[in-house]
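Visitor: Provided herewith is a single structure, encoded as structure tokens, for subsequent inquiry.
Number of protein chains: 4
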Amino acid sequence: MIIVMKHTASEEDIETMIREVEAKGLKANVIRGTERTVIAAVGEERVAGIGSLESGPGVDEVLPIVAPYKLASRELKPESTTVRAGTLAVGNGNIGVIAGPCSVESEEQIVSAAHAVKDAGASALRGGAFKPRTSPYSFQGLKEEGLKLLAEARNQTDLAVVTEVVSPDDVDLVSEYADVLQIGARNMQNYRLLEATGKSPRAVLLKRGPSATIDEWLLAAEYILDSGNPNVILCERGIRTFETHTRFTLPLASVPYVQQRTHLPVVIDPSHGTGHTYLVPAMARAAIAAGADGLIVEVHPSPEQAASDGYQSLNFSQFDEMMCACAIIAGAVERQLGSLS
Amino acid sequence: MIIVMKHTASEEDIETMIREVEAKGLKANVIRGTERTVIAAVGEERVAGIGSLESGPGVDEVLPIVAPYKLASRELKPESTTVRAGTLAVGNGNIGVIAGPCSVESEEQIVSAAHAVKDAGASALRGGAFKPRTSPYSFQGLKEEGLKLLAEARNQTDLAVVTEVVSPDDVDLVSEYADVLQIGARNMQNYRLLEATGKSPRAVLLKRGPSATIDEWLLAAEYILDSGNPNVILCERGIRTFETHTRFTLPLASVPYVQQRTHLPVVIDPSHGTGHTYLVPAMARAAIAAGADGLIVEVHPSPEQAASDGYQSLNFSQFDEMMCACAIIAGAVERQLGSLS
Amino acid sequence: MIIVMKHTASEEDIETMIREVEAKGLKANVIRGTERTVIAAVGEERVAGIGSLESGPGVDEVLPIVAPYKLASRELKPESTTVRAGTLAVGNGNIGVIAGPCSVESEEQIVSAAHAVKDAGASALRGGAFKPRTSPYSFQGLKEEGLKLLAEARNQTDLAVVTEVVSPDDVDLVSEYADVLQIGARNMQNYRLLEATGKSPRAVLLKRGPSATIDEWLLAAEYILDSGNPNVILCERGIRTFETHTRFTLPLASVPYVQQRTHLPVVIDPSHGTGHTYLVPAMARAAIAAGADGLIVEVHPSPEQAASDGYQSLNFSQFDEMMCACAIIAGAVERQLGSLS
Amino acid sequence: MIIVMKHTASEEDIETMIREVEAKGLKANVIRGTERTVIAAVGEERVAGIGSLESGPGVDEVLPIVAPYKLASRELKPESTTVRAGTLAVGNGNIGVIAGPCSVESEEQIVSAAHAVKDAGASALRGGAFKPRTSPYSFQGLKEEGLKLLAEARNQTDLAVVTEVVSPDDVDLVSEYADVLQIGARNMQNYRLLEATGKSPRAVLLKRGPSATIDEWLLAAEYILDSGNPNVILCERGIRTFETHTRFTLPLASVPYVQQRTHLPVVIDPSHGTGHTYLVPAMARAAIAAGADGLIVEVHPSPEQAASDGYQSLNFSQFDEMMCACAIIAGAVERQLGSLS
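Chains as they are written, first to last, in my numbering: chain A, 1231 to 1571; chain B, 1231 to 1571; chain C, 1231 to 1571; chain D, 1231 to 1571.
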């Protein structure tokens, strides 16, 4: 790390900070500039931490040099990871498309959706049984009954099931039914939940929180990896900005940025990322063109009747059309959409 | 709610939407403007929900009219709520100051901090035993041992104890030791946790998430209120913006805005809200001047040795000076700092 | 517009607001809900303005119904506009690529860049002669000498020239040399400049300001259109958000959103939108896949020697590779890259 | 500056970058860490610039060490600057309050406002004659006629006049009538305008752009200082964030931050910073408590009739009440409101 001293820092301040650095087991290199002195501290920066050094006398700021995450970094593991779960594969040229309704509402709804998305080429089925909702007055999900309906849909279509888990206590239950455990944006920093999924045999799809920096998101992945689960799929679903015409702002540059920094695959959620049905297909195409390893898309038999998220769901024919366009784009970037058989 | 139709909407689209509105048990009023037709739907808007209506044919957007929260609103309860917990009282002119270290580190640390903040006029002690940390490599807290040390500090000083709870499973345990359960910013939308604290006999301090809108924050409070706990203290601790010179951006206008919309008291956290020790006193004074019902401030015997958040903690003399300045400002706005005896 | 009254508004307040609405030449429709009364005011909303009504007694908020822009709106002109300038055409399936260095630095630099981007398939040349720079200590551009070098590059390659104008006083001069006048992000709300370019015979490329809402951006276009110039190209170049790994956040959902609201073509600037060379090609591809009408890209003979923006410029071979990939994506969305001959 | 090399950088890359650094006249210090090598480049960083170095082979990022502004920095001039203009003084304990309508509308309006704000203790009169407006359909100001009315108001009250200038061509004209030239938020990076005001004998009030970083804002001040005008007042008026309940988010921590970095005085605009009349007094009090050197506040004889910004203007009695409260807060922080006689 680099400790930047104030221009008013005294020699005594500098000496104090050298001692503080050495007390943390780091080696201090002092560089005296024309306006400022900086101390470059060499060693195990992640373990040492930088926090308390900023309180030192005469210190202006402390700049980290290494990324705060390790297991997630491409420096540790240069080759890209492919995550496989049933019919789903994401990474290394496999583009996986996860599709289905926001919430599981009934057997007819989820089974018909499963057939429709499979026919259109999706590689996995999504559907929420445990629903975290902003308002206590909104539909909260069918819970275990919903999980059973998802299992029934899998029985009929073979599609891998991706569904959200909202509490550490539910991880075992959800793991019985699901192929991939989804951690929602609101729970990205629910560390107990991260640790619990890290001990599950299921793959984990980790959504980015709407105000999380990319470093915070990768540190959340680090919690899962560090708990023993190597099968983490990152999911960019949009960040909160001043723009209000879309529900969130979908920063597709996350795709190439994250792919440079980490070996984990990254999928895009154009449904939450835009919040409007009519914007979803364009952003799905753009995500594939940007190099995303997959998509997760809300699809509902009749969006105008949906118990949740109808305004951003595609109906079956809209999804079918989107998949055709995405398959062509995938070909244009020398990749392929598809599912494992 | 107001349903704004597209300028291209047909009469049939309008008829369809009137039927959809009526099917939700609302009364439809059609107003034909020079460019657009709008449908004003009158009735129980919160129950009806607006989501799926946006998917209707010819609909441009749906604008809610009433606030989405109810129990938290001043419309339901016009008089301001005072929350009391041991020596702490916030609301209706009582300004409560909660102070202490980010993390409980040792008996000496927490007990000395408790005495120091009490002497300076604080009304409650803060200190984290269960620590949610961005990195798995950071100090994670002393857990139950930390709770016991907090209880010891209370024994010696009588100060009410405010400490964080991070999991529904811990609510009973933490409630045994604490006077106020703190829900951290990362858990503001951890609904299981909100519901669990809603069933605790302890007051709850609910921090705003860094990307939460004020409506989302008040809906989180609604979960607690709706679960049966009326003693909710709101805590503004800064939002995430493009500004990087401060750790977060502390929007003090939240104070008068929230006080107009809700009856719940609101306190300010100038430590997380700025992220730099030298900015804390100015923002603490400003918060009191803006009408905040209290403060929560990080104070540590020696910030440069702190296991966490040293860069934003005050030492004892800095806190003492801050309290003197705040007491004068409080008098200037005809309120008073202080604790219950 | 919809005037939402407070739940505490009296009958007298409502009467007052009805009179205020009628005094503005609008018709007032009063709708009494279960919790709130709203007044729907019908008529020429843009002319009436909403500002002062919010100060009325008992008013909670005023919601506009129509878009604030008119000439730019698709409601006024349903068919998409194609803007043509020399070899450049954007709109209605024509994808125009504008490429070249951030600043014109020398004859050799700009002429070699012009040849290289033309050979790679670009339809116009960009290059700054008047440079607005954040720091007074940065290179400020060659000014008129730079315009002459751009003209020389056009002579040799026939490529249309796109260059920035920063002051109303310079519009005539720049119009002599350029085919398209660029208004930079910092000047998006420099209304004198907008009006001056509105009176120029040249097309105008209007960049979005980094904190401008889409409505503000389209209102800036409205100033140009209203001054008599119908040839406006919108350029999305990224907004400022909390994300710091990229220089700005490039919200590609702007493309389908803007295309729905306005008839004007929209191009994407992946160079400023990301701020890092290695992210540019992915976002260029994504922009085309999202349906953008064109691109504007920084290309320099040797980015590491550039007087400005080297960190986000492509070299010739990187640009060539990017164009090949974009041409394939364009085909996949049934459009074509290219220039007019 | 610190050049952080990628972990994959070769020895040759490092050698190349050492040569690049030396070619810029800087001295290169190489520090080899456990994961990364960094090069600390010592010398005239502002002149050298960092941009093109980021394009070098094997470079991950380049971190600046010194602030990019110089004349504005407290390092160059440690003592605080007081700016004086007629009855207005801001800085070094003098709190100046600038008040008046958004736009000059008529003689009666501006003269009555001048008397009212003077009686309430304001030290200067504000009023816009040249109005930059988001929509071309909004009131654009009385222009020179407005300046004459401001001069008449000054004749009657002696109050210094603060008014906006929007074009370099108008600087001389406005300087004839005004004591302080205001540069609006939209023009913060209109460098021609900054340079023109830098050559005026009048003081300049420079508003922060809603998406400008503090460094960009101080660099804009640097343009004025560098053009020869030392009398610059900084004005924080809020930044654009995801929060929509207020028009902008007013980050009062800017006050102590900026006061530490620069010697220039900083005033707060609670009117634009909140956008709602009822939030203005609380934020005005908070600004004074935070240590602001002054306020600029919109006051109108009848806000509900205002041609612009009525929704955020105070009427005379509201302003009077605000001033009483602010005077008490000013006393509490050992400063004083007031005007020069």
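Where a beta carbon is used, it is the ideal one built from N, C-alpha and C, also for glycine.
Which residues mark the beginning and the end of the alpha helix (DSSP H) in which residue 1559/A is found?
Guide: Taken as a continuous stretch (DSSP letters only), the alpha helix (DSSP H) holding residue 1559/A covers 1546-1562.
Visitor: Establish whether the CB of residue 1563/D and some CB of chain A are separated by less than 7 Å.
Guide: Cβ-Cβ to chain A under 7 Å: no for residue 1563/D.
Visitor: In the DSSP assignment, find the beta strand (DSSP E) that holds residue 1437/B and state where it starts and stops.
Guide: Counting along the chain, the beta strand (DSSP E) containing residue 1437/B begins and ends at 1433-1437.
Visitor: Where do the ends of the alpha helix (DSSP H) carrying residue 1378/D lie?
Guide: Element bounds for residue 1378/D: 1374-1387.
Visitor: Does the CB of residue 1439/C have a neighbour CB from chain A at under 7 Å?
Guide: Cβ-Cβ to chain A under 7 Å: no for residue 1439/C.
Visitor: Let me check one thing: in DSSP terms, what residues is residue 1315/C bridge-paired to?
Guide: Its beta-bridge partners are 1318/C.
Visitor: Beta carbons nearer than 8 Å to chain D: which residues of the segment 1256-1273 of chain A have them?
Guide: Within the segment 1256-1273 of chain A, the residues whose Cβ lies closer than 8 Å to some Cβ of chain D are 1259, 1261, 1262, 1263, 1264, 1265, 1266, 1268, 1270, 1272 and 1273, listed in chain order.
Visitor: Taking only three categories from DSSP, how would you classify residue 1572/C?
Guide: No statement about residue 1572/C is possible, as the shown extent of chain C runs from 1231 to 1571 and does not include it.
Visitor: Quick check: is the beta carbon of residue 1521/A nearer than 7 Å to any beta carbon in chain C?
Guide: Chain C contact via Cβ: present.
Visitor: Could you name the residues of chain C that residue 1285/D contacts, counting a contact when the two beta carbons are closer than 7 Å?
Guide: Correct list: 1507, 1533, 1534, 1540 and 1541.
Visitor: On the DSSP letters alone, give me the boundaries of the beta strand (DSSP E) that residue 1267/C sits inside.
Guide: Start and end: 1267-1272.
Visitor: Under the DSSP definition of a beta bridge, which residues are partnered with residue 1469/B?
Guide: Answer is 1479/B, bridged to residue 1469/B.
Visitor: Under 8 Å Cβ-Cβ, which residues of chain D neighbour residue 1470/A?
Guide: The answer, in chain order, is 1472.
Visitor: Roughly how far, in whole angstroms, is the beta-carbon of residue 1409/B from the beta-carbon of residue 1390/B, given that I think they are within contact range, below 8 Å?
Guide: Confirmed, about 4 Å.
Visitor: Quick check on residue 1502/C - is its C-beta less than 7 Å from some C-beta in chain B?
Guide: It does not: the Cβ of residue 1502/C has no partner Cβ on chain B nearer than 7 Å.
Visitor: Could you tell me the alpha carbon to alpha carbon distance between residue 1407/B and residue 1420/D, rounded to whole angstroms?
Guide: Cα to Cα, the separation comes out at about 59 Å.
Visitor: What residues from chain D crowd round residue 1485/B, counting only those whose CB sits closer than 7 Å?
Guide: Simply 1512.
Visitor: Which residues, in order along the segment 1353-1383 of chain B, keep a beta-carbon less than 7 Å from a beta-carbon of chain A?
Guide: Against chain A - using a Cβ distance shorter than 7 Å - the residues of the segment 1353-1383 of chain B are 1362, 1364, 1365, 1366, 1367 and 1368.
Visitor: In terms of residues, what are the limits of the alpha helix (DSSP H) holding residue 1488/D?
Guide: Here the alpha helix (DSSP H) through residue 1488/D covers 1484-1491.
Visitor: Let me check understanding here. Comparing Cα to Cα, which of 1497/A, 1468/A and 1484/A lies closest to residue 1506/A?
Guide: Checked all of 1497/A, 1468/A and 1484/A; the closest Cα to residue 1506/A is 1468/A.
Visitor: If you reduce the DSSP assignment to three classes, tell me which class residue 1235/C lands in.
Guide: Here residue 1235/C sits in strand by DSSP.
Visitor: At the level of alpha carbons, what is the spacing between residue 1340/A and residue 1332/A?
Guide: Spanning the two alpha carbons is a distance of roughly 10 Å.
Visitor: What residue from 1441/A, 1428/A and 1398/A has the CA that sits closest to residue 1416/B's CA?
Guide: Considering only alpha carbons, the answer is 1441/A.
Visitor: Step through the CB atoms of chain A and report whether any lies within less than 7 Å of the CB of residue 1234/D.
Guide: Taking Cβ atoms only, chain A reaches closer than 7 Å to residue 1234/D, which makes this a yes.
Visitor: Taking 7 Å as the limit between beta carbons, can you name the residues of its chain near residue 1334/B, skipping five residues before and five after?
Guide: Cβ within range, chain order: 1340, 1357, 1358, 1359, 1372, 1376, 1379 and 1380.
Visitor: How would you label residue 1285/C, buried or exposed, when you count the other beta carbons within 10 angstroms and need 16 or more for buried?
Guide: With 16 or more Cβ atoms within 10 Å of its Cβ, residue 1285/C is classed as buried.
Visitor: CB-CB under 7 Å to residue 1515/B, same chain, minus the five flanking residues each way: which ones, in chain order?
Guide: Hits under 7 Å: 1555, 1556 and 1559.
Visitor: Can you tell which of 1289/C, 1252/C, 1313/C and 1271/C has its C-alpha closest to the C-alpha of residue 1435/C?
Guide: That would be 1313/C, whose Cα lies nearest to the Cα of residue 1435/C.
Visitor: Would you please state the rounded distance, in angstroms, between the beta carbons of residue 1256/A and residue 1272/A? I believe it to be under 8 Å.
Guide: Sure, about 6 Å apart at Cβ, within 8 Å.
Visitor: Do residue 1500/B and residue 1510/B count as a contact pair if the criterion is CB distance below 7 Å?
Guide: It is a contact, given that the beta carbons lie within the stated cut-off.
Visitor: Less than 7 Å between the beta carbons of residue 1476/B and residue 1443/B, yes or no?
Guide: The answer is no: Cβ separation not under 7 Å.
Visitor: Can you find a CB in chain A that lies within less than 7 Å of the CB of residue 1475/C?
Guide: It does; some Cβ of chain A falls within 7 Å.
Visitor: Taking all protein chains shown into account, do 16 or more other C-beta atoms lie within 10 angstroms of the C-beta of residue 1322/A, making it buried, or fewer, making it exposed?
Guide: Exposed, since its Cβ has fewer than 16 Cβ neighbours within 10 Å.
Visitor: Residues in its own chain within less than 8 Å of residue 1458/D by CB, not counting five upstream and five downstream?
Guide: The residues are 1428 and 1429.
Visitor: I'd like to know whether the C-beta atoms of residue 1275/A and residue 1234/A end up nearer to each other than 7 Å.
Guide: Contact flag unset, no.
Visitor: So, is residue 1471/C buried or exposed, given that buried needs 16 or more other C-beta atoms within 10 angstroms?
Guide: Buried, because 16 or more other Cβ atoms sit within 10 Å of the Cβ of residue 1471/C.
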